[in-house]
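When you number the sequence shown by this note's numbering, it's gap-free, plus one each residue, and the end is 309.
Everything on this sheet refers to the single structure shown next.
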Amino acid sequence: GDIINLIPPAWKPATLRFPENSDPVAVLTAVQEAGLDFPLIAKPDLGERGLMVEKLSDAAELEAYFSRETPAMLVQAYVDEPVEVGVLYYRMPGARQGEITSLTLKRFLEVWGDGHSTVAELMARDPRAALQLPVLQRRDPALMARVPRAGERVELMPIGNHCRGTTFLDGRAEIDEALSRRFDAIADALPGICFGRYDIRCRSLQALREGHDFYILEINGVKAEPTHIYQPGFSLVEAYRVLFRQWDTIYRIAQANRAAGVRVPAFGVVVRALCAQGAYRRRWG
25 GDIINLIPPA WKPATLRFPE NSDPVAVLTA VQEAGLDFPL IAKPDLGERG
75 LMVEKLSDAA ELEAYFSRET PAMLVQAYVD EPVEVGVLYY RMPGARQGEI
125 TSLTLKRFLE VWGDGHSTVA ELMARDPRAA LQLPVLQRRD PALMARVPRA
175 GERVELMPIG NHCRGTTFLD GRAEIDEALS RRFDAIADAL PGICFGRYDI
225 RCRSLQALRE GHDFYILEIN GVKAEPTHIY QPGFSLVEAY RVLFRQWDTI
275 YRIAQANRAA GVRVPAFGVV VRALCAQGAY RRRWG
C-alpha cells in the first residue's frame, strides 16, 4: 500500500486498502462509495506468487471472499487491457538514466475449443492446464462444463502469475531506447525507488513506450525476480548468471545509498523483518 500510493493516479488502477479481517459489508460499502465497478481484483497488501489474489465478479463474490480471515488487503479496479508485462528496471542513485534488465511477457492460462469437448476435458489434455483443474472445478463448475465452439479461446486464469498457470516468456528483445526512456520518466515520478519490477497491464508495448493506456499494478522491490528466466527451456546456468548480476546491482545501489548518507536498518531489524515475513507466509500461505 505504501509503495502503490507513490504511483501517480493516472498510472495505476483505483485502489482501496483494508486492514486485516475487514468486515465484508464494510468492504462492499467502501467499494460502492468509491465508485468502483465490478470486476475487481482482491490481493494481500503484502503478497507474493499470486497468494490469495482473486478476480471478484460481483458483490456476492466479494462478500464471500472477505467472509474468511484475510490479511491487510488491497482491492483494485480490474484493468481490462490485453497485455501484461513484468519490467525490471534500476537506476543508480543520482543517475539521470537507468536500465531495463528484464522484460517478461505473460501468456495467461487458456484452452482452445474444438466444438465438442468441455473446458474440463480440454484442460485435462493440456499438461499445464491440468495442474489448475482441481482448483477451477471447485471454483467454477459451470465453466468446466461449458463446450466452447471450435477455435474459441477460453481464458482460465486472469491472474498473471506462474503459480496460476501463466507462462512467462522472455521479452528482452522488446527492450529499446524508447522503452528505456519511458521508464526513466516513470522513475522520475517515483523518487527513492532505485530498483524494482513493475507489473503492468497495457494496450500494447507500443502504447507503453508512448506513455498511454498503461497501468502499474504493483512494484516489487529487491526480492523481485527477473521473471524472464522462467521462459520454458531457459538455461539454468544462464538463469543463475542473471540472478548473480542482479544481486550485484542491488549491492552497488545499496553501497551508493550508504555513501550518500542514507540510513540503513540495523542487523536485528532485518532479522526481525525476515522472521515476521516467514510467520506471515506460514499463516496465510
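Backbone N, C-alpha and C fix where the C-beta goes; we use that ideal spot for every residue, glycine too.
Just so it is clear, the structure is predicted and the values come from calculations on it, not from any experiment.
Decide yes or no for the touch test of the region 189–207 against the region 250–257: beta carbon pairs closer than 8 angstroms, at least 3 of them. yes
Pick from Ala213, Ser46, Thr142: whose alpha carbon is nearest that of Asn29? Position 5 of the sequence shown, counting from 1, holds the residue named residue 29. Ranking the options by Cα distance to Asn29, first place goes to Ala213.
Which residue from Ala284, Lys247, Ser259 puts its Cα closest to that of Gln270? Mapped onto the sequence shown, residue 270 falls at position 246. If we check each option's Cα against that of Gln270, Lys247 comes out closest.
Can you give the Cα-Cα distance for Arg152 and Leu40, rounded to whole angstroms? On the sequence shown, residue 152 is found 128 positions in, with the first residue counted as 1. On the sequence shown, residue 40 is found 16 positions in, with the first residue counted as 1. Rounded to the nearest angstrom, the two C-alpha atoms are 33 angstroms apart.
Could you tell me if Ser81 is buried or exposed, where buried requires 16 or more neighbouring beta carbons within 10 angstroms of its beta carbon? Translated into positions along the sequence shown, residue 81 becomes position 57. Under this definition Ser81 is an exposed residue.
Which residues does DSSP pair with Gln100 in a beta bridge? Position 76 of the sequence shown holds residue 100. Gln100 is bridged to Thr39, Ile65.
Since Gly110 sits in a beta bridge, which residues does DSSP pair it with? Reading the sequence shown from its first residue, position 86 is the one you call residue 110. Answer is Thr128, Asp223, bridged to Gly110.
Quick one: complete beta strand (DSSP E) runs, 3+ long, within the region 233–266? 238–244
Roughly how many angstroms separate the alpha carbons of Ala280 and Leu298, rounded to a whole number? Position 256 of the sequence shown, counted from the start, is the residue given in the question as residue 280. Position 274 of the sequence shown, counted from the start, is the residue given in the question as residue 298. So the alpha carbons of these two residues sit roughly 24 angstroms apart.
Across which residues does DSSP place Leu193 in a beta bridge pair? Mapped onto the sequence shown, residue 193 falls at position 169. Paired residue(s): Leu129.
Which of the three DSSP states is assigned to Arg177 in this structure? As a position in the sequence shown, residue 177 is number 153, starting the count at 1. Here Arg177 sits in strand by DSSP.
Given a cut-off of 8 angstroms on the beta-carbon distance, is the pair Met168 and Val135 in contact? For the purposes of this step, residue 168 is taken as the residue at position 144 of the sequence shown. For the purposes of this step, residue 135 is taken as the residue at position 111 of the sequence shown. Against a cut-off of 8 angstroms, the Cβ pair of Val135 and Met168 comes out as no contact.
Report the partner residues of Val135 according to the DSSP bridge assignment. To locate residue 135, count along the sequence shown from 1; it is residue 111. Val135 pairs with Val178.
How many Å lie between Gly292 and Ala197 at the Cα? For the purposes of this step, residue 292 is taken as the residue at position 268 of the sequence shown. For the purposes of this step, residue 197 is taken as the residue at position 173 of the sequence shown. C-alpha separation (whole angstroms): 42 angstroms.
Report the option in Leu129, Val107, Ala66 whose CA atom is closest to the CA atom of Glu312. Since the displayed the chain opens at 25 and closes at 309, residue 312 lies outside it and no answer follows.
Any idea which residues DSSP pairs Val160 with across the strands? Against the sequence shown, residue 160 aligns to sequence position 136. Correcting the residue type first, residue 160 is Leu in the shown sequence and not Val. Answer is none; Leu160 lacks a bridge partner.
Might you give, ordered along the chain, the residues of its own chain that have their beta carbon closer than 8 angstroms to the beta carbon of Asp69, omitting 5 neighbours on each side? The sequence position of residue 69 within the sequence shown is 45, counting from 1. Cβ within range, chain order: Gly25, Arg41, Pro95, Ala96, Met97, Leu98.
The beta strand (DSSP E) enclosing Leu80, as first and last residue numbers: Sequence index remark: in the sequence shown, residue 80 carries index 56 (1-based). Residues 78–80.
For Lys79 versus Pro182, is the C-beta distance shorter than 8 angstroms? Numbered from its first residue, the sequence shown carries residue 79 at position 55. Numbered from its first residue, the sequence shown carries residue 182 at position 158. Taking 8 angstroms as the Cβ cut-off, Lys79 and Pro182 qualify as a contacting pair.
Between Asp138, Ile217, Pro33, which lies nearest to Tyr114 when the distance is taken from Cα to Cα? For the purposes of this step, residue 114 is identified with residue 90 of the sequence shown, where counting begins at 1. Looking at the Cα atoms, Ile217 is the closest of the given residues.
Would you call Ala119 buried or exposed, if buried means 16 or more other Cβ atoms sit within 10 Å of its Cβ? As a first step, residue 119 is located in the sequence shown; it is residue number 95 there, counting from the start. Exposed, by the Cβ-count rule.
Which residues does DSSP pair with Glu354 in a beta bridge? There is simply no residue 354 to check, as the chain begins at 25 and stops at 309 in what is shown.
For Glu242, is the classification buried or exposed, using 16 other Cβ atoms within 10 angstroms of its Cβ as the cut-off for buried? In the sequence shown, residue 242 corresponds to position 218, counting from 1. By the neighbour-count rule (16 or more Cβ atoms within 10 Å), Glu242 is buried.
Which two residues bound the contiguous alpha helix (DSSP H) that contains Pro151? Locating residue 151 in the sequence shown gives position 127, where the first residue counts as 1. Start and end: 151–154.
Contact set for Tyr89: own chain, Cβ-Cβ below 7 angstroms, skip 5 residues either direction: Residue mapping note: residue 89 aligns to position 65 of the sequence shown, counting from 1. Around Tyr89: Ala66, Glu78, Leu80.
Member of Ala283, Gly139, Gln230, Ala148 whose CA lies at the smallest distance from the CA of Ser204: If you number the sequence shown from 1, residue 204 lands on position 180. Per the Cα distances, Gln230.
Pull up the distance between the alpha-carbon of Tyr222 and that of Phe238, whole angstroms please. As a position in the sequence shown, residue 222 is number 198, starting the count at 1. As a position in the sequence shown, residue 238 is number 214, starting the count at 1. Distance between the alpha carbons of Tyr222 and Phe238 is about 11 angstroms.
Specify the secondary structure class of Phe90 as computed by DSSP and reduced to three states. For the purposes of this step, residue 90 is identified with residue 66 of the sequence shown, where counting begins at 1. In the structure shown, Phe90 sits in coil (DSSP, three-state: anything other than H, G, I, E or B).
Look at the alpha carbon of Pro48 and the alpha carbon of Ser91, and state the distance between them as a whole number of angstroms. As a first step, residue 48 is located in the sequence shown; it is residue number 24 there, counting from the start. As a first step, residue 91 is located in the sequence shown; it is residue number 67 there, counting from the start. Their backbone Cα atoms lie some 6 angstroms apart in a straight line.
Give a yes or no on whether the C-beta atoms belonging to Asn185 and Gly220 are separated by under 8 angstroms. In the sequence shown, residue 185 corresponds to position 161, counting from 1. In the sequence shown, residue 220 corresponds to position 196, counting from 1. No, they are not a contact pair.
Distance, Cα to Cα, Phe258 vs Val103? Along the sequence shown, one-based indexing puts residue 258 at 234. Along the sequence shown, one-based indexing puts residue 103 at 79. Answer to the nearest angstrom: the Cα atoms are 30 angstroms apart.
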